[in-house]
Amino acid sequence: CDFEASSCRWFEAVSGDDFDWIWSSPSDLAADFEHQAPPQDHTHSTISGRVLMFCFCILIGHFMFILQKSSRFFQIAKLQSPSFSQTGPGCTLYFWFYNYGLFVGPTDLVLHLENSSDSTVLWRVLYNQGNKWSEVAIQLGRLTQPFSLSLNKVSLGIYDGVSAVDDIRFENCTLPPPAESCESPDHFWCRHTKACVEKAQLCDLVDDCGDWTDEADCEPGLQCNFENGICNWEQDTEDDFDWTRNQGPTSTINTGPMKDHTVGTAQGHYLYIESSEPQVFQNNAVLLSPVFSATDPKGCTFRLYYHMFGKRIYSLAVYQRVWSNTKGKLLWQIFGNQGNSWMRKLLSISSGQPFQVRTIGYRMYVGSARDHCVPERKASGIQSQFL
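Read in UniProt numbering, the sequence shown has 86 at position 86, and its numbers run on one by one without any break.
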């Protein structure tokens, strides 16, 4: 929605406090309120655009803005979206936001699931971002039930600034379409939706089909989404500290995820390492898999989702070992900030002997999180004991 023709059914949900989102145009604004908008919209960067906005500055162009007619303690501006049915696994929300002024205050984008009182903060801006438009990208991922979004700002009586939103768009949010058959042998034909998905997406704890048939007949011992503990994985007793199971955002601002990858809300669980004291630089936390049987000649694949966000991220590494009390062979290692999203990683494993996977998070100055330790079902079996 670029807000050129209408508000696209986004609306003010909390009215009556003189602090409301209103769709309007420059010709409709009284001179006293012209300063409550950006100098131009983002769509056209001219006087002919239309924009959703809430502020205390100058806006030329068409827009929807929160008009503050009077200032009082605790005013709420809540821009509510229409209801959306669901999203596909690759869904990303983009929009352009303007948050400028000494006392502009924070803004939250919140996810609301239908028929649930729970909500999840997906994005938060806390302070002045400069006199400019900035693009925001938010990973929504797979949401299997109807939902809506709201953009919320609270004034405690000292609000003075400009906040605006323009050009909201969803990308890669549809599920795969139905097909008469799947031509490629590397694809799976979904039982009910008749869509085709890659076989690499089977048993990855994500409903890629839209009917969950790609997650049927999976071996529970080869999967863990951390919703009910850490499954058959274990914390190493010879490392420096432990991985922490968490819901929602981490305790450090502007680090770590706001939600997990499995459920896609703050009610889901994931593991992360805490960067605060008494840990010191390069201390590490090690998570140990169960022991897996030797692979067949084709090997197997280990899948995980990881999240590394913050200015001073250090490292995440995955090792394979066949002997206890050894570090093992390095399969993969990554360093530094990877952005505020869950990333998927697939690692090929081949072993003529029973083996174990070690996932090591090295002490970081911010939280690093991971989810979905999922060896593929190609693995020939699982032993119940550890090496």
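Glycine included, C-beta positions come from ideal geometry on N, C-alpha and C. Just so you know, these numbers come straight off a predicted model, no measurement behind them.
Excluding the 5 residues preceding and the 5 following residue i in the sequence, name in chain order all residues of the same chain whose CB lies nearer than 8 Å to its CB.
i    : result
W233 : C224, L287, L288, S289, P290, C373
Let me confirm a value: residue i is counted as buried when at least 16 other C-beta atoms fall within 10 Å, else exposed. Which label applies?
i    : result
A30  : exposed
W323 : exposed
M53  : Caution applies to M53, whose pLDDT of 46 falls short of 50 and renders its modelled position unreliable; the model cannot decide the point.
K69  : exposed
E274 : buried
Q356 : buried
K327 : exposed
V366 : The pLDDT assigned to V366 is 32, lower than 50, so where the model puts this residue is not dependable; a value taken from the coordinates is nonetheless given after this. That one is buried.
L330 : exposed
N115 : exposed
P375 : Unreliable placement is indicated for P375, whose pLDDT of 49 sits below 50; the coordinate value is still reported in the next sentence. P375 should be labelled buried.
F309 : buried
G16  : exposed
D214 : buried
F3   : buried
Give me the residue from the options with the minimum Cα distance to residue i.
i    : options                : result
G157 : Q235, D166, R124, F73  : F73
R124 : Q353, N340, D118, Y362 : N340
A77  : F103, V110, D20, S70   : D20
S150 : K327, N131, E198, S83  : S83
D208 : G221, Q40, N128, F188  : F188
H261 : T87, G141, I230        : G141
E238 : C8, F33, R358, V104    : R358
C182 : A195, N172, E135, E171 : A195
R245 : H35, E227, Y314        : E227
L271 : A294, Q247, G264, T255 : Q247
S184 : P176, H192, E198, P178 : E198
S163 : T144, L126, N172       : L126
P146 : L67, G264, P297        : G264
L79  : L205, I313, T107, P220 : T107
A216 : C190, Q235, C231       : C190
Measure how close the beta-carbons of residue i and residue j come, nearest whole angstrom, since I'm counting them as under 8 Å.
i    : j    : result
D167 : W96  : 5 Å
K311 : N337 : 6 Å
N131 : L102 : Between L102 and N131 the Cβ distance is about 12 Å, and since that is not below 8 Å, they are no contact.
I253 : Y319 : Wrong, their Cβ atoms sit about 32 Å apart, outside the cutoff.
G229 : K153 : Their Cβ separation, rounded to whole angstroms, is 38 Å, which puts G229 and K153 out of contact at 8 Å.
W10  : S85  : At roughly 17 Å, the Cβ-Cβ gap does not stay under 8 Å, so W10 and S85 are not in contact.
Excluding the 5 residues preceding and the 5 following residue i in the sequence, name in chain order all residues of the same chain whose CB lies nearer than 6 Å to its CB.
i    : result
T46  : Residue confidence for T46 is low, a pLDDT of 45 falling below 50, so the modelled location carries little weight; the figure read from the coordinates is stated next. The answer is none, since no qualifying residue turns up.
T174 : G88
Y94  : A137, R169
C1   : C8, I168
A317 : Q333, I360
E12  : D20, W21
S48  : Residue confidence for S48 is low, a pLDDT of 42 falling below 50, so the modelled location carries little weight and cannot support an answer.
If I measure Cβ to Cβ from residue i and keep anything under 7 Å in the same chain, skipping five residues before and after, which residues do I get?
i    : result
Q139 : T92, S341, W342
Q267 : D118, Q247
For chain D, find out if any of its Cβ atoms is closer than 9 Å to the Cβ of residue i; answer yes or no.
i    : result
S251 : The structure shown has no chain D; it contains just one protein chain.
Exercise for the section: Evaluate the contact criterion for the region 343-355 versus the region 294-314: three or more CB pairs, one atom per stretch, below 8 Å. Expected result: The answer is yes - the region 294-314 touches the region 343-355, with three or more Cβ pairs under 8 Å.
Handout entry: Cβ pair count under 8 Å reaching 3, the region 102-112 against the region 33-43
Key = Contact between the region 102-112 and the region 33-43 is absent: fewer than 3 CB-CB pairs across the two stretches fall below 8 Å.
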